[in-house]
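In this note's numbering, the protein residues as written are 15 to 582. Note that CB positions come from ideal geometry on N, CA and C, so glycine has one too. Note sheet for the following structure.
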Amino acid sequence: MASGGGVLNPAFSEKMRGSKPRSLKLRLVQTTFNSSRFCRARQSVYIRREPSKSVIMSKKSTTVFTILQLMVLCVSAQPASQPAFVSDSLDAYVERAMQLWQIPGIAVGIVKDGQLVMAKGYGVRELGKPEKVDANTLFMIGSNTKAFTGTALAMLENEGKCSLDDPVKKYLPNLDMKDNWVEEHLNLQDIVSHRTGMETFQGDFMYWTSDLTQQQVLEKFGKLEPLYPFRTKWGYCNAGFLTAGMCIEKISGQSWADFLRQRIFQPLGMDRTLALSAEIPNATNAARAHTLDEGALKWIPYAKIDNLAPAGSISSSVEDMSHWVIAQLGNGNYNGEEVIAPAVIQRTREPLSIIGRQTSTNTGIRRHYSLYAMGWELTDYDGREIVSHTGGVNGFVTSVTLMPEENLGVIVLTNTDQNGFYAALMREIVDAYLGRPYQNYSNLYFQNFEQKRKEEAANLRAWRDTIATSPATALPLDIFTGRYDNEAYGWIDIQKEGKNLKVIFQHHSNLIGKLQPLGGNRFLLTFNDVTFGVKPVHFNLDAGKVKNFILAMADFVEFTKYEFVKRE
């Protein structure tokens, strides 16, 4: 599933449009690295990083000289002492923040110099239940899945089975795009670097937790009219990564999930990691998904997003993710074995898209650029390169951050989708290892979060106050009822229900919308799934008839609106 700078610079969060921040819910807080753009969070998104382990082996020797040699080697292999913030203050910092942000559970991992130096859980897996989060607790990692998909594609290229310059149509001949030229020239690099011309999150409403299959998602993706010319602008596109996963299947002869399990998870010892969202409901030691609904913390169902699996369906723990991070920082090696070829690691970090310029933060961090590679964002941070991503799905926001020059990796996993702490904590840890002063980013980010939430609550009160006055509609409610069509999505049905209207969706069998009159042609749309938000919407009228209905939803889902034309 925004940018990062100072406390706020949403050039892009997990979902952003162009250089503008995504929505209230998605862009509340930004990280210093701009990583929240890649995370789909209802209030804010931030970068995540995972820890890893290494085993030190030694042999017995009968000579004093050899023993001394081994002692020197063992001492030099030990990780450097942890910064005071990590060793002395981290627990208290996290526990305060969990209360402030209303986060049930957090897992944190730190990899330094090839070793997992910290892996720890805080809080509980589910609100109101006693089971604790630990280093092996599973969290959905959302768009941190994308780096795995990009790596899989680069592995296949490295083995000579494809070229990233190959057109997608070579592997998916039924690909059908609006623009014939784009259809013929869209290549494997385009679909994993968000340069298809789509607006950030464009089309996600159609796919997100819908009944569509992967093939149907691909078909609907092709029916969209891109907002921008091909390859001219970065726009976060989940359907692009689904397309990549479908190509991986054609190239390798394995499903995307099986390829990851056999080529990445198993060799890295990521034994608890799950490729598909369908697997987590039956998993042991798994965190539950939570959100804030008008300020109240509640658990929500796991997102069913396997129709977009290569874009965000993986679940993992900080222990397992540390193995991935160790390999990423170790040029593809884990426990002395080459799991990922060095050329693959480098290929996935080649900049393919320009996200934009970055500015220095209000805490004195120098930043200049933000680029996108194959499932990784590339930025600079006070003179060092950051390779990172964030992830957000219903009930979770996470971040994975690599600082190769410092041989440092940070992983933060949380089980609520309305917090910016996952980014604040990552940044605090990075600053500590760089010897920078403590900033209390949690409080800085929370101030912005609270301001946005209060604005949202005030808007909601005003809309409800208007509804309470029973304002007259421009036409009788019966005139608004009927079936409406959208070329890409399909149909919706609008039915009368007392003094309100109800919306039924063709491809979302569990989603229902309630339309309450705001007066004239305007209504307040409330979805039964809190993820989709509450939005004022309107009908366009002409000569006493309804022409169309303009559907909007939470920015967490999609920025763009859908026109549904009323059938005669």
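Beta-bridge partners assigned by DSSP to H304: W313.
Here D394 is bridged, per DSSP, to E399. The criterion of a C-beta distance shorter than 9 angstroms is satisfied by M154 and Y316. With contacts defined as CB atoms closer than 9 angstroms, G156 and V424 fail to qualify as a contacting pair. Where N554 is concerned, the enclosing beta strand (DSSP E) starts and stops at V548 to D556.
Cβ-Cβ distances below 7 angstroms link K184 to nothing in the same chain once the five nearest sequence neighbours on each side are left out. Note that the C-beta distance between A301 and L152 is below 9 angstroms. Between Y503 and Y576, the C-beta spacing is below 9 angstroms. Within a 10 Å sphere around the beta-carbon of I369 sit 16 or more other beta-carbons, which makes this residue buried.
Of the candidates E233, Y221 and N158, the residue whose Cα lies closest to the Cα of M191 is E233. A contact between stretches requires three or more CB pairs, one per stretch, nearer than 8 angstroms, and the region 274-290 meets this requirement with the region 348-357. D272 and S291 do not touch by the CB rule: their CB atoms are close to 16 angstroms apart, not below 8 angstroms. S336 places its beta carbon less than 9 angstroms from that of L130. For H382, there is no enclosing alpha helix (DSSP H), as DSSP gives it neither H nor E. Here the alpha carbon of K175 sits roughly 34 angstroms from the alpha carbon of E420. With respect to H208, Y242 sits apart: the two C-beta atoms are not nearer than 9 angstroms.
Straight-line spacing of the CA atoms in M260 and N299 works out to 30 angstroms.
In the displayed model, N158 falls within a helix according to three-state DSSP.
Within the model, the alpha-carbon separation for S266 versus N433 is close to 38 angstroms. When rounded, the separation of the alpha-carbon atoms in K237 and E442 is 43 angstroms. Rounded to whole angstroms, the separation of the alpha carbons of I205 and D193 is 15 angstroms.
A check of alpha carbon separations from A341 across W115, M417 and N524 identifies M417 as the nearest.
Exclusion of the five residues before and after R363 leaves A387, W390, L392 and V401 as the residues of its chain whose Cβ lies within less than 7 angstroms of its Cβ. For the pair V579 and K559, the CB atoms are not nearer than the 9 angstroms cut-off. Short of 8 angstroms from the beta carbon of P485, and not among the five residues preceding or following it, lie these beta carbons of its own chain, in chain order: P531, L532, G533 and G534. Under the DSSP assignment, L525 falls in the beta strand (DSSP E) whose first and last residues are H522 to G533. In the assembly as shown, S331 is a buried residue. Its beta-carbon has 16 or more other beta-carbons within 10 Å. If you compare the alpha carbons of L515, W270 and Y107 with that of F541, the shortest gap goes to L515.
By the criterion of at least three beta-carbon pairs nearer than 8 angstroms, the region 470-477 is not in contact with the region 446-454.
Judged by DSSP in its simplified three-state form, Q116 adopts coil rather than helix or strand. Take W222, set aside five residues on each side of it, and the residues of its chain with a beta-carbon closer than 6 angstroms to its own are V571, in chain order. Under the three-state reduction of DSSP output, A297 falls in the coil class, being neither helix nor strand. Under DSSP, K143 shares a beta bridge with no residue. Assigned with DSSP and collapsed to three states, E364 falls in coil, not helix or strand.
Taking G164 as the centre and dropping the five residues before and after it, the same chain places the C-beta of V206, T362, M388 and G389 closer than 6 angstroms to its C-beta, in chain order.
Counting every other CB atom within 10 Å of its CB across the protein chains shown gives G137 a total of 16 or more, marking it as buried.
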